[in-house]
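Some notes on the structure that comes next.
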Amino acid sequence: MSLLKQLMVWLFGTLYIAGLPVLGQSYKYQSGPDFATVVAPILESKCLQCHNPNILKGEFSMATKEDILAAEDDFLIPGNAEDSML
Numbered sequence: 000m001s002l003l004k005q006l007m008v009w010l011f012g013t014l015y016i017a018g019l020p021v022l023g024q025s026y027k028y029q030s031g032p033d034f035a036t037v038v039a040p041i042l043e044s045k046c047l048q049c050h051n052p053n054i055l056k057g058e059f060s061m062a063t064k065e066d067i068l069a070a071e072d073d074f075l076i077p078g079n080a081e082d083s084m085l
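Numbered continuously in numbering that gives the first Met the number 0, the sequence shown closes out at residue 85.
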């Protein structure tokens, strides 16, 4: 095999292997965003002033994922943003 062919095989092989992790990134949020890193900071800045264990405006807390899921049936429907009140 010529030097040029060897170089091309090595180059394309390296690029292929280096690109594999990037292909996997497109599925990162397929199951939804992470609560702790994406959702919680938004709720902390916009909701927890009034919806926390000490101040229960609307009679529910938004301090934890469990608190939110325990609220009214249609307040948060996981995977169904259109029908969720939140």
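Think of the CB as a built atom: it goes at the ideal place given N, C-alpha and C, for glycine as much as any other residue.
Applying the criterion that 16 or more other CB atoms from any shown protein chain within 10 Å of the CB defines a buried residue, is residue i buried or exposed?
| i | result |
| --- | --- |
| S60 | buried |
| I67 | buried |
Contact check, residue i vs residue j under 8 Å by CB: the rounded distance?
| i | j | result |
| --- | --- | --- |
| A62 | P52 | 6 Å |
Which residues does DSSP pair with residue i in a beta bridge?
| i | result |
| --- | --- |
| L55 | H50 |
Please state whether DSSP places residue i in a helix, a strand or coil.
| i | result |
| --- | --- |
| G12 | helix |
| S1 | coil |
| T63 | coil |
| A70 | coil |
| G31 | coil |
| M7 | helix |
| G18 | helix |
| A80 | coil |
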